[in-house]
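Residue numbers (this note's numbering): -8 to 298.
What follows is a single structure, written as structure tokens, with notes after it.
Here it is, written out as structure tokens:
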């Protein structure tokens, strides 16, 4: 995992050692020991609402229970900030809102660096705001400064996955807009929308698939499917005819047949023609996605044809 701005993780350099913050469990957390009191509601170190609150304020006295021990059950995201610092004041509400929306899948632990300098020192906090993810009693990733909410959500999703939490992929309204344009036949608008998503998230598989569908739709526009398939049948080594036939087969729900057609064409061609066919086939793979069994089988066949 890496932080939202693709910076190197400080944990690979052994920067954080929380061992000095560990101590005997508070009496209230030891089995068989009745609670001995604690921070009053609303005071530093008190949960914002209840024992399983999504947001807690952490001090040296509570960090073991509220961060280290709690992270054994769920990911804890530790926010270092201080009142009166504009970036900290602006970023804290974003994290708080996402924590409140999380449904209890993670906890936001807030640390005021002015009131808790020793905790900040242990985490090697150089500036604020700074955010750490703690899973299983150990920090696993961090970033400093303010990041856009979309990137922050992606980072939190990665933290949850690292903590073994089943994560439902969030809906992306940009993708809905692009899909609607594709379905309505506005290919230019669909292409612009998919490319914008890929500019922000280059590995977005859904946007890659949508852009590939735009390409197929453009290539088959105006073609007579029956005539195109017949032409491909009568000219098995005509690259253009075979590519068009494969596009039509994919749009007709016969993707496996299209893959087989193009793998066979790879075997019969060489040089630039072979590379053209290979690239075309790979673009069709992206429509179905890498987890499709037919794609996995066709990829193996393609590798055999190439090598």
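Glycine included, every Cβ here is placed at the ideal spot set by N, Cα and C.
Being a predicted model, the structure only gives us computed values, none of them experimental.
Of the residues the options, the one placed nearest residue i, counting alpha carbons only
| i | options | result |
| --- | --- | --- |
| residue 386 | 234, 246, 87 | Nothing about residue 386 can be read from this structure; the chain reaches only from -8 to 298. |
| residue 299 | 147, 120, 181, 212 | The question about residue 299 has no answer here: the residues shown for the chain are numbered -8 through 298. |
| residue 227 | 211, 260, 286 | 260 |
| residue 144 | 267, 243, 93 | 93 |
| residue 132 | 152, 45, 199 | 152 |
| residue 146 | 106, 174, 263, 192 | 192 |
| residue 113 | 229, 69, 280 | 69 |
Cutoff 6 Å; reference residue i; Cβ partners in own chain excluding five residues on either side
| i | result |
| --- | --- |
| residue 82 | 120, 137 |
| residue 154 | 66, 126 |
| residue 59 | 128 |
| residue 329 | The first residue shown for the chain is -8 and the last is 298, placing residue 329 beyond what the model contains. |
| residue 199 | 277 |
| residue 35 | Model confidence at residue 35 stands at a pLDDT of 37, short of 50, so the residue's coordinates are unreliable and nothing is read from them. |
Cutoff 7 Å; reference residue i; Cβ partners in own chain excluding five residues on either side
| i | result |
| --- | --- |
| residue 63 | 127, 128 |
| residue 57 | 47, 49, 100 |
| residue 184 | 165, 168, 169, 172 |
| residue 197 | 166 |
| residue 298 | none |
| residue 258 | 296 |
| residue 96 | 65, 151, 156 |
| residue 248 | 240 |
| residue 265 | 257 |
| residue 39 | Residue confidence is low: residue 39 scores 39 on pLDDT, short of 50, so the model does not pin down where it sits. Its coordinate-derived value is still stated next. The answer, listed in chain order, is 46, 47. |
Length of the line joining the Cα atoms of residue i and residue j
| i | j | result |
| --- | --- | --- |
| residue 275 | residue 164 | 24 Å |
| residue 245 | residue 71 | 54 Å |
| residue 195 | residue 188 | 8 Å |
| residue 288 | residue 295 | 11 Å |
| residue 76 | residue 190 | 32 Å |
| residue 130 | residue 108 | 18 Å |
| residue 51 | residue 110 | 7 Å |
| residue 278 | residue 89 | 32 Å |
| residue 280 | residue 104 | 46 Å |
| residue 270 | residue 290 | 12 Å |
| residue 178 | residue 149 | 33 Å |
| residue 142 | residue 284 | 31 Å |
| residue 223 | residue 282 | 29 Å |
| residue 43 | residue 61 | Reliability fails at residue 43, whose pLDDT of 44 lies under 50, so the model's placement of it is uncertain and the value that follows must be treated cautiously. Rounded to whole angstroms, residue 43 to residue 61 spans 10 Å at the Cα level. |
| residue 78 | residue 53 | 26 Å |
| residue 139 | residue 102 | 21 Å |
| residue 263 | residue 84 | 55 Å |
| residue 323 | residue 80 | Nothing can be reported for residue 323: it is not among the residues displayed for the chain, which extend from -8 to 298. |
| residue 118 | residue 106 | 15 Å |
| residue 134 | residue 218 | 58 Å |
CB-CB length for residue i against residue j, believed under 8 Å
| i | j | result |
| --- | --- | --- |
| residue 250 | residue 272 | 7 Å |
| residue 292 | residue 254 | 5 Å |
| residue 91 | residue 45 | 6 Å |
Whether residue i touches residue j by CB criterion (9 Å)
| i | j | result |
| --- | --- | --- |
| residue 116 | residue 67 | no |
| residue 237 | residue 252 | yes |
| residue 86 | residue 122 | yes |
| residue 286 | residue 241 | no |
| residue 243 | residue 216 | yes |
| residue 181 | residue 201 | yes |
Neighbour flag for residue i against chain C, beta carbons, 9 Å
| i | result |
| --- | --- |
| residue 238 | Note that chain C does not occur in the displayed structure, where there is just one protein chain. |
heavy atom of the ligand MG below 8 Å from residue i C-beta
| i | result |
| --- | --- |
| residue 222 | The ligand MG is not part of the structure shown, which contains no ligands of any sort. |
Residues near residue i in its chain [Cβ-Cβ closer than 8 Å; skip 5 each side]
| i | result |
| --- | --- |
| residue 203 | 274, 275, 277, 278 |
| residue 229 | 222, 223 |
| residue 205 | 173, 178, 181, 182, 185 |
| residue 225 | none |
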